Each structure stands twice: as structure tokens, then as C-alpha cells.
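For reference, the structure is listed below as C-alpha cells.
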């Protein structure tokens with residue numbers, strides 16, 4: 171049986187660069203689908219394009235409106251292909267109206283000097299030492315992830331916190347071998363930092379989500395279907411918009427992705 | 171006399187949404203112009219569009235190739251306008267070939283609960299307590315900024331550092347009142363972190379640059395032409411690509427922008 175994520179990001183190819191997909195009830199969010207699957211399906215349109223070069227390096231998705239449940243169309247346009255890099259513009263439409271835009275950079279990497287600068291936090295319990303954390307908000311997409319919080323869980327007791335930091339182990343539920351699309355989706359699985367900070371439920375919506383891919387295909391294969399560690403925090407909340415950043419670590423301590431987003435919020 | 175930045179980002183409007191500009195020798199970089207002016211001129215195309223709504227919230231610029239010295243064309247397309255937000259796709263071409271792509275989100279903000287989470291570093295010397303730091307690489311664009319490093323200067327002595335953190339006060343040189351375009355440019359003024367870390371000069375190029383605007387027009391006006399504080403660091407270097415992040419603070423301690431980029435590098 172196909173994994174629910176693969177159903178959610180399944181694309182039928184029309185002519186080259188034009189695809190049809192559909193929202194999936196498994197990944198339903200408060201309004202429309204989980205942004206992570208929208209991000210993943212846009213990336214997948216490029217990955218599935220016959221002219222694709224190399225692997226994802228960066229992806230920025232702008233959410234222009236919540237998706238309506240049902241089908242959508244993606245146009246994926248490789249606007250410039252160099253010797254080792256490729257630049258994409260993508261648009262997701264419903265009934266001819268833009269619901270999301272994206273740009274992506276793909277590249278063929280070569281071996282160079284490499285070094286971390288931010289390090290994976292040490293002394294954390296492993297995923298298997300923790301239980302799957304119960305989440306107070308019962309949304310379908312949340313049940314598609316096994317999240318084991320080390321700290322910074324989401325609670326709605328109205329007690330404002332001094333920060334919104336969270337550290338959690340996360341994997342697809344049921345387990346699924348990690349690939350670029352599922353990594354893109356995981357990069358949006360960090361609960362809105364304003365909920366962690368204020369512990370009050372209020373309307374929010376990501377407006378722009380950027381992901382930088384540090385992993386290559388071999389690193390993703392090596393990670394398999396085991397939990398990855400996510401470390402998320404906010405930067406600044408001001409007059410309706412705030413930004414949050416996160417790193418996603420493989421369980422061997424390698425950085426798989428870093429991700430940033432800016433989010434609309436109401437009081 | 172017009173400020174050199176205003177010359178570099180000057181756009182002539184053809185029909186609605188189509189503009190012509192030209193690279194400026196004042197902002198020349200190693201190869202092609204400083205990416206900050208490219209970012210700023212793309213933002214300016216949206217700002218100058220007759221249908222623009224609100225103020226910039228986020229901007230992502232993808233550099234598909236170095237610009238050739240001379241003229242360029244920008245097409246700015248507001249692909250979706252909601253009640254209080256607007257989504258843009260922009261393309262910069264030279265001779266019909268894409269040299270840069272961008273997406274932007276604009277919005278009309280309203281007053282809400284606001285709070286910082288990352289704080290401006292305290293106990294730093296003020297800009298006026300420091301001198302303009304001499305920079306070893308004499309590129310034209312560098313002379314368009316007055317940079318006063320608190321720490322993390324760029325030196326090329328081949329002594330690898332344990333990190334690439336820099337804190338510096340920076341303003342346009344000569345002074346120019348801060349606006350969204352100049353703030354977008356300043357967000358790319360942080361020297362490539364790999365130079366700070368390795369202290370070796372080697373080919374690099376930003377491939378994608380994202381800026382989140384926390385300031386509104388009133389905050390920019392209040393900042394005027396005084397130095398802003400930039401705090402930059404790298405996240406991870408691996409096989410040809412690394413990412414770096416920075417915050418830009420007003421001298422009153424308010425966050426004006428946060429910014430992230432992923433950069434191609436060679437050994």
C-alpha cells in the first residue's frame with residue numbers, strides 16, 4: 171500500500187512541466203492542507219520534470235492563499251540551466267488562480283572542504299528513549315508524524331513563555347525512508363512558534379518558507395526511516411508577522427537541512 | 171547629486187510591470203555587480219509598480235548567473251493580490267536570458283502583540299566609538315559602505331577560525347536615509363562567511379538570498395542615515411554549498427530585518 175505522503179504529493183504529468191495533483195485528507199490542516207505537503211509537491215514537480223539537473227539546494231515557497239480541498243495544477247519551469255546549476259520558477263494554481271508560488275535551485279555537487287558551524291545539540295535523549303508526544307490539537311497532518319519532544323512542546327494554557335525553542339525527534343508516521351520531498355515536508359512540521367511562546371491558539375499562516383538542503387541522496391538513504399532531530403526557534407514577532415528558523419539533523423549528527431519561514435498572525 | 175545607490179537601482183518604467191535598469195560601476199563586485207544591489211533593484215521594481223499593495227514582508231532572490239555590465243530588464247508580476255497581502259514573481263533578464271529570479275510578499279500590517287525573541291547584543295561599542303574598518307579586498311561595492319567591525323573582520327592569512335561570526339556597524343557611504351531598498355542591499359553586505367572562517371580567497375557566489383522585513387516605513391525613517399548593526403554567522407559548509415544568516419538591528423535595539431542565503435563555493 172502506498173504511503174499517505176506519496177499519495178499527497180502524487181503528480182500526474184500532462185505535457186512537460188505541467189502536472190495535476192490533489193490535496194489529501196490525511197494531511198488536512200486547520201484551513202486547507204499542511205504547508206509541508208504543498209512545499210513537497212512543488213519540489214516534486216521539479217524532481218519529476220524530464221529536464222531536471224542535479225539535486226535540490228534551495229526551495230522557497232510562498233503561500234498566496236489556503237488551498238481548497240481538491241485538485242490543483244503545477245507549472246514547473248526551469249528558467250535557466252547552467253553547467254552544474256538549474257533555476258526553477260513554479261506556480262500552483264486552482265481554477266486558474268495562483269495559490270502558491272515557488273523558486274528552487276538545483277545543482278550537481280562536487281566534493282569540497284566541508285565543515286559544520288552550528289553543531290547538533292549533544293546530551294539529548296535519543297528518539298527511542300522518548301515516547302510519541304501527545305499533541306493537544308488533533309489535526310489530521312499531525313498524525314502523519316511521530317514527534318517526540320525533548321523540550322518546547324505545544325500547550326495551550328495561556329502561560330506566556332520566555333522563548334519558543336523546541337527540540338524534537340520526528341519521522342513520518344508510519345515510517346517512510348527519507349527523501350528530498352519528505353525532508354521538505356518535515357521542514358514545515360515545526361508548530362507555529364507563536365503557539366509555543368504564547369500558548370494561545372489564534373489564526374496564523376505561513377506566507378513564505380525557505381529550505382536549504384545540505385543532504386545529498388546518499389545521506390538521505392543512510393538516514394532511512396529513522397527519526398531526525400529538529401531544533402526550532404523564533405526570531406522576532408512584530409505587527410502581524412514573525413519569523414522562525416530550524417535545523418533538521420540526521421541521527422549521526424549531520425545537518426540535513428536548515429529552514430526559515432515568515433508567518434502571518436493575528437492576536 | 172543623486173546617491174550612488176539610487177543610480178544603481180534606478181529603473182525606467184516601460185509598460186506596467188516592465189522596467190529597464192543598468193549595472194553601476196560603483197557597485198561592481200569580483201564578477202558582475204554586488205548581489206545586494208540586484209536584490210534591491212528587484213524589490214524596487216515591485217515598490218515602483220502602480221499596483222503595489224503595502225510594504226515588503228519577504229523577498230527571495232535567486233542569482234542564476236553573474237550579471238554582465240550594462241542594461242537589464244525586469245518584469246514584475248503581482249500574481250496574486252488579497253485583501254492585505256500581495257505575492258510577486260520577478261525576473262531579471264539580459265538579452266532575453268534570465269540572470270535572476272525573485273519572489274516577494276508585500277502586506278499591509280496592523281498593530282498586534284509584538285515581542286522580540288533574539289535580542290540585539292548588548293555591551294557592544296557604538297559605531298561612533300569605532301573607526302571604519304580597512305578591508306583587504308578593494309572592490310568598488312565595498313567602498314559604498316562604511317563598515318565598522320566589532321569582531322569577525324575579513325583577513326586573508328590562511329589561519330582557519332573556529333567560527334565565522336561577525337558583528338559590525340554598517341551604513342551607506344556616503345550616508346543615505348535607510349529605506350526598504352537600501353535595507354535589502356545591506357542584507358547582502360556580509361562578507362562570505364567562508365572567507366571569515368578559512369581566511370582564504372576562493373571563488374564563491376550567492377545562489378539564493380532571502381530577506382524578512384521586520385521594519386515598517388516609520389522605523390526606517392526613525393533610523394535615518396545612522397549605522398545599523400549586523401550580526402552574521404554560517405550554519406553549515408558541505409560539498410560546494412554553505413548557508414549563512416544575519417540580523418540587521420536599528421541602533422535603538424529593534425530588529426529591522428533577518429536574512430539568510432545559500433552560497434556556492436569552490437576550494
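Chains as they are written, first to last, in my numbering: chain F, 171 to 437; chain H, 171 to 437. Every residue, glycine too, gets a C-beta built ideally from N, C-alpha and C. Bear in mind the structure is a predicted one, so any value in this text is a computation, not a measurement.
Contact list for residue i against chain F, beta-carbon separation under 7 Å
i: residue 291 (chain H); result: Within chain F, no residue comes near residue 291 (chain H); the closest Cβ sits about 14 Å away, beyond 7 Å.
i: residue 280 (chain H); result: 409, 410
i: residue 288 (chain H); result: 405, 406
i: residue 390 (chain H); result: Per Cβ cutoff of 7 Å: no residues; residue 390 (chain H) is ~13 Å from chain F at best.
Neighbouring residues, chain H, relative to residue i (Cβ below 7 Å)
i: residue 285 (chain F); result: 407
i: residue 413 (chain F); result: 382, 428
Reference residue i, options the options, closest by Cα
i: residue 401 (chain H); options: H:409, H:407, H:383, H:427; result: H:427
i: residue 381 (chain F); options: F:338, F:276, F:294; result: F:276
i: residue 333 (chain F); options: F:414, F:174, F:208, F:307; result: F:414
i: residue 161 (chain H); options: H:323, H:239, H:251; result: As displayed, chain H neither begins before 171 nor continues past 437, which places residue 161 (chain H) out of reach and without an answer.
i: residue 237 (chain H); options: H:376, H:423, H:287; result: H:376
i: residue 418 (chain F); options: F:412, F:410, F:199, F:429; result: F:429
i: residue 392 (chain H); options: H:346, H:408, H:367, H:433; result: H:346
i: residue 420 (chain H); options: H:171, H:349, H:313, H:241; result: H:349
i: residue 258 (chain F); options: F:320, F:248, F:356, F:313; result: F:248
i: residue 385 (chain H); options: H:424, H:416, H:406, H:394; result: H:424
i: residue 175 (chain F); options: F:190, F:183, F:416, F:196; result: F:196
i: residue 405 (chain H); options: H:242, H:180, H:367, H:292; result: H:367
i: residue 409 (chain H); options: F:410, F:206, F:397, F:387; result: F:387
i: residue 251 (chain H); options: H:230, H:223, H:262; result: H:223
i: residue 283 (chain H); options: F:234, F:422, F:416, F:411; result: F:411
i: residue 295 (chain H); options: H:416, H:321, H:304, H:351; result: H:321
i: residue 416 (chain F); options: F:431, F:407, F:422; result: F:431
i: residue 290 (chain F); options: F:244, F:311, F:422; result: F:422
i: residue 255 (chain F); options: H:243, H:244, H:235, H:267; result: H:235
i: residue 359 (chain H); options: H:311, H:394, H:219; result: H:311
i: residue 266 (chain H); options: H:246, H:280, H:242, H:281; result: H:242
i: residue 369 (chain F); options: F:213, F:328, F:184, F:307; result: F:328
i: residue 433 (chain H); options: H:220, H:394, H:201, H:362; result: H:362
Cβ pair residue i, residue j closer than 8 Å
i: residue 203 (chain H); j: residue 274 (chain H); result: no
i: residue 316 (chain F); j: residue 340 (chain F); result: yes
i: residue 209 (chain H); j: residue 371 (chain H); result: no
i: residue 390 (chain F); j: residue 353 (chain F); result: yes
i: residue 324 (chain F); j: residue 383 (chain F); result: no
i: residue 260 (chain H); j: residue 272 (chain H); result: yes
i: residue 326 (chain H); j: residue 374 (chain H); result: no
i: residue 403 (chain F); j: residue 287 (chain H); result: yes
i: residue 318 (chain H); j: residue 297 (chain H); result: yes
i: residue 309 (chain H); j: residue 199 (chain H); result: yes
i: residue 189 (chain H); j: residue 215 (chain H); result: yes
i: residue 180 (chain H); j: residue 187 (chain H); result: no
i: residue 356 (chain F); j: residue 206 (chain F); result: yes
i: residue 229 (chain F); j: residue 244 (chain F); result: no
i: residue 314 (chain H); j: residue 342 (chain H); result: yes
i: residue 184 (chain F); j: residue 351 (chain F); result: no
Interface residues of chain F facing residue i [CB-CB closer than 8 Å]
i: residue 275 (chain H); result: 232, 377, 378, 432
DSSP three-state assignment for residue i, whether helix, strand or coil
i: residue 350 (chain F); result: helix
i: residue 233 (chain H); result: strand
i: residue 176 (chain F); result: helix
i: residue 367 (chain F); result: helix
i: residue 401 (chain F); result: strand
i: residue 195 (chain F); result: helix
i: residue 313 (chain H); result: helix
i: residue 299 (chain H); result: helix
i: residue 205 (chain H); result: helix
i: residue 278 (chain F); result: coil
i: residue 385 (chain H); result: coil
i: residue 184 (chain H); result: coil
i: residue 190 (chain F); result: strand
i: residue 256 (chain F); result: strand
i: residue 210 (chain H); result: helix
i: residue 225 (chain H); result: strand
i: residue 424 (chain H); result: coil
Interface residues of chain B facing residue i [CB-CB closer than 8 Å]
i: residue 268 (chain F); result: Chain labels in this structure do not include chain B; the protein chains are F and H.
Within chain H, partners of residue i - CB distance below 9 Å
i: residue 360 (chain F); result: Residues of chain H passing the Cβ test: none, with the nearest at roughly 14 Å.
Listed by chain order, chain H residues near residue i by CB distance under 8 Å
i: residue 334 (chain F); result: 287
i: residue 189 (chain F); result: By Cβ distance, chain H contributes nothing, its closest Cβ being about 18 Å from residue 189 (chain F), past 8 Å.
i: residue 425 (chain F); result: 405, 406, 408
Cross-chain neighbours of residue i in chain F, by beta carbon under 9 Å
i: residue 435 (chain H); result: 282, 283
i: residue 271 (chain H); result: 249, 250, 257, 258, 259, 273
**Request:** Using a Cβ-Cβ cut-off of less than 8 Å, list which residues of the stretch 366 to 385 of chain F approach chain H; keep chain order.
**Result:** 367, 368, 377, 378, 380, 382, 384
**Asked** If contact means a Cβ-Cβ distance below 8 Å, which residues of the stretch 222 to 252 of chain F contact chain H?
**Response** 227, 228, 230, 232, 234, 235, 249, 250, 252
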